[in-house]
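Data block below; observations after.
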Amino acid sequence: MNAPVGDTFATLSMESKVVLFSLAFVWVYLVITAVLSWTKSAARWIYDLLGFGLDEEEMLGIKHHKKGGNRSKSKSKSKSKSGNGGKVNKPAGDAASSGPSETPLGVGQQREGASSVVPKKPSKTHKKPQHAAEKNHPLHINTLKGHTDAVNMVSFSGNGSTVVTACDDATVRVFRLDGGATCRAPRTLRIPLDRDATGACFANVAALDDPAATDGIVVMGTSGLGETRLVSFAIYDAAGKPPEVRWDKKSAMDGKTAISLSCGGGGEGLGVGGAPIRIPPVAVCSSDSTGVRVWAVDSGVEIGRFDTLQFKNHNAAVSMDGNMIAVSTFTSEVKIWLVLRSRQGAPMGVDSKRAAMTLKGHRSAVNWVQFSPCSTRAVTVSKDKTLKLWNLSVRYDVGEDPKVLASVDLSDECGAGRMPTRVALSAAGVAAVMIGNSLVFYKISHGLAGTSVKLARVDAPHGSGAVVKWMEWSQTPHAIDGDAVEVLATAGSDKRVSLWRSPRS
1 MNAPVGDTFA
11 TLSMESKVVL
21 FSLAFVWVYL
31 VITAVLSWTK
41 SAARWIYDLL
51 GFGLDEEEML
61 GIKHHKKGGN
71 RSKSKSKSKS
81 KSGNGGKVNK
91 PAGDAASSGP
101 SETPLGVGQQ
111 REGASSVVPK
121 KPSKTHKKPQ
131 HAAEKNHPLH
141 INTLKGHTDA
151 VNMVSFSGNG
161 STVVTACDDA
171 TVRVFRLDGG
181 ATCRAPRTLR
191 IPLDRDATGA
201 CFANVAALDD
211 PAATDGIVVM
221 GTSGLGETRL
231 VSFAIYDAAG
241 KPPEVRWDKK
251 SAMDGKTAIS
261 LSCGGGGEGL
271 GVGGAPIRIP
281 PVAVCSSDST
291 GVRVWAVDSG
301 VEIGRFDTLQ
311 FKNHNAAVSM
321 DGNMIAVSTF
331 TSEVKIWLVL
341 RSRQGAPMGV
351 DSKRAAMTLK
361 GHRSAVNWVQ
371 FSPCSTRAVT
381 VSKDKTLKLW
391 NLSVRYDVGE
401 DPKVLASVDL
411 SDECGAGRMP
421 TRVALSAAGV
431 AAVMIGNSLV
441 FYKISHGLAG
451 TSVKLARVDA
461 PHGSGAVVKW
471 MEWSQTPHAI
481 DGDAVEVLAT
491 AGSDKRVSLW
501 RSPRS
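According to our numbering, the sequence shown holds residues 1 to 505 in order.
So, in structure tokens, the structure goes:
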């Protein structure tokens, strides 16, 4: 006759009981984790099915860099089969590989495993977007060409003289705008990657170890399997001097796919006793789920990671002074976290236990958040078809949340199926908003709640059928026709970057 289970358990040694309890704990933990993960995935699937969790690009059928995406997989397979697409090309940066308007600054240094091949151009049967808006609109001032696939991100250097772009053709390009934004033949540096370039932004030049380097950039790339790689380059203006890798994070998101990159900091601040100190920059990546990672750009050390716990991230932004991180998500609120720094200004971590501030006021998911150049304001656009300007100069340490300075009703521009998906705020208070396939400019008056004026609208800024994937204002005005003009750069799926002058208010 079998002994009761209780009696059998009582006869076990203490070591055996510890092992059994440990196994039971692990089993319960795995079950709870699996249930939570399944519940989260099911909720996101239901929201996406109903259209609540989709941004406008996804509703139009335009896929982001998702893990295991068909397009990326096919590209990865074609590369692995032929190595170079069946062609033998000269090294990147070589004069022969540059377009007719490009004067290479040097041969781009390849990372381990990188391909030196220019990816195949799309089939001739592919319908090209019509660029009537570029040619005819009075706000359009220039077009930067050379990429052979969709441009995912564009960023200005601090003085506005250089533009860096990241593209699905597995390259990053640096455009030197000698003579300003109207330069028709910019000197161009091409940096090849081993995967699609999904993000690129400038780092402060003071962070570079080599005084001969004129710029520093942080580049984000996504492989065919959705893995994210983050690389810091030093860029040189001297002819024949290739860019150099400063640090390389081959699995920056631990297998997750990053959907946005932002850099901030690098300027000066006040230290102990009011002495001026440098504020080293930080770089932030947001995953396509809920994770956020933060790195010190000087060293490449990861200084923080946190989870927004909001089903789905839309974008992450760093303030210009490098002290705040804002993340827009599936929910109607935007939370802001603080970057912790030493007395000398060095980034030490992120206060991930709790958000320092919360932007409350939207009635639906926030599609995009961006800081103002002065870092004291933030601007958001939401699926509730409003734009809001926020005052961040509050006593957050005692629980005071930012106040709404202005709320702009965008419903007149939002027709059926159209909604605001991107926003960028200039130093002069001009907000550029992507609404559907239209670029709309608004003058937002600081400190006067509810006051705004629509300045201009550009329909199909990158041509019919093309999508604007990123936009950014230059921090420094450009001299155009004798005037100091703010310039907006937009990156599109039409393989181009367009430069636009700010409308006169």
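The C-beta atom is built at its ideal place from N, Cα and C for all residues, glycine as well.
As the structure is a computational prediction, the values presented were derived from the model and not from experiment.
Note down the Cα distance separating residue i from residue j, rounded to an integer number of angstroms.
i: residue 478; j: residue 441; result: 18 Å
i: residue 30; j: residue 23; result: 11 Å
i: residue 467; j: residue 300; result: 33 Å
i: residue 230; j: residue 452; result: 39 Å
i: residue 509; j: residue 445; result: In the structure as shown, the chain starts at 1 and stops at 505, and residue 509 therefore has no counterpart that could be examined.
i: residue 152; j: residue 278; result: 31 Å
i: residue 284; j: residue 319; result: 11 Å
i: residue 233; j: residue 221; result: 13 Å
i: residue 406; j: residue 361; result: 11 Å
i: residue 400; j: residue 389; result: 17 Å
i: residue 294; j: residue 305; result: 6 Å
i: residue 337; j: residue 474; result: 25 Å
i: residue 194; j: residue 146; result: 18 Å
i: residue 323; j: residue 291; result: 19 Å
i: residue 248; j: residue 227; result: 14 Å
i: residue 503; j: residue 273; result: 43 Å
i: residue 398; j: residue 427; result: 29 Å
i: residue 185; j: residue 391; result: 41 Å
i: residue 458; j: residue 296; result: 38 Å
i: residue 374; j: residue 264; result: 12 Å
i: residue 377; j: residue 393; result: 8 Å
i: residue 225; j: residue 251; result: 12 Å
i: residue 237; j: residue 214; result: 6 Å
i: residue 175; j: residue 141; result: 15 Å
Compare the Cα-Cα distances from residue i to each of the options and report the closest residue.
i: residue 482; options: 181, 377, 457; result: 181
i: residue 366; options: 377, 351, 387; result: 387
i: residue 187; options: 193, 194, 195, 178; result: 178
i: residue 316; options: 261, 203, 157; result: 261
i: residue 330; options: 311, 461, 498; result: 311
i: residue 430; options: 16, 224, 485, 298; result: 485
i: residue 161; options: 503, 487, 502; result: 487
i: residue 461; options: 455, 476, 474, 493; result: 493
i: residue 258; options: 340, 281, 267, 219; result: 219
i: residue 308; options: 351, 321, 490, 170; result: 351
i: residue 371; options: 402, 354, 353, 383; result: 402
i: residue 432; options: 379, 465, 154, 27; result: 379
i: residue 384; options: 32, 20, 421; result: 421
i: residue 256; options: 313, 136, 158; result: 313
i: residue 189; options: 18, 243, 355; result: 243
Go ahead and label residue i buried or exposed: buried means 16 or more other beta carbons lie within 10 angstroms of its beta carbon, across all protein chains shown.
i: residue 417; result: exposed
i: residue 344; result: exposed
i: residue 471; result: buried
i: residue 62; result: Confidence is the limiting factor: at residue 62 the pLDDT is only 35, short of 50, which leaves the residue's position unreliable and the question unanswerable from this model.
i: residue 276; result: exposed
i: residue 342; result: exposed
i: residue 15; result: exposed
i: residue 138; result: exposed
i: residue 53; result: Note that residue 53 has pLDDT 43, beneath the 50 cutoff, so the model's placement of it is unreliable and the number below is only indicative. Residue 53 is buried by the Cβ-count criterion.
i: residue 74; result: In this prediction, residue 74 scores a pLDDT of 40, lower than 50, which makes its location untrustworthy; the coordinate-derived value is nonetheless stated afterwards. Flag for residue 74 reads exposed.
i: residue 11; result: exposed
i: residue 34; result: exposed
i: residue 268; result: exposed
i: residue 38; result: exposed
i: residue 359; result: buried
i: residue 353; result: exposed
What are the partner residues of residue i, as DSSP defines its beta bridges?
i: residue 318; result: 325
i: residue 514; result: Examination of residue 514 is not possible in this model, given that the chain is present from 1 through 505 alone.
i: residue 204; result: DSSP output for residue 204 lists no bridge partner at all.
i: residue 507; result: One cannot answer for residue 507 here, as it falls past the ends of the chain, which runs 1 to 505.
i: residue 434; result: 422, 439
i: residue 472; result: 489
i: residue 302; result: 295
i: residue 189; result: 174
i: residue 414; result: Answer is none; residue 414 lacks a bridge partner.
i: residue 454; result: 442
i: residue 143; result: 498
i: residue 357; result: 336
Under 7 Å, do residue i and residue j count as touching if we go by C-beta distance?
i: residue 143; j: residue 411; result: no
i: residue 216; j: residue 197; result: no
i: residue 286; j: residue 332; result: no
i: residue 404; j: residue 368; result: no
i: residue 396; j: residue 434; result: no
i: residue 282; j: residue 339; result: yes
i: residue 491; j: residue 154; result: yes
i: residue 245; j: residue 200; result: no
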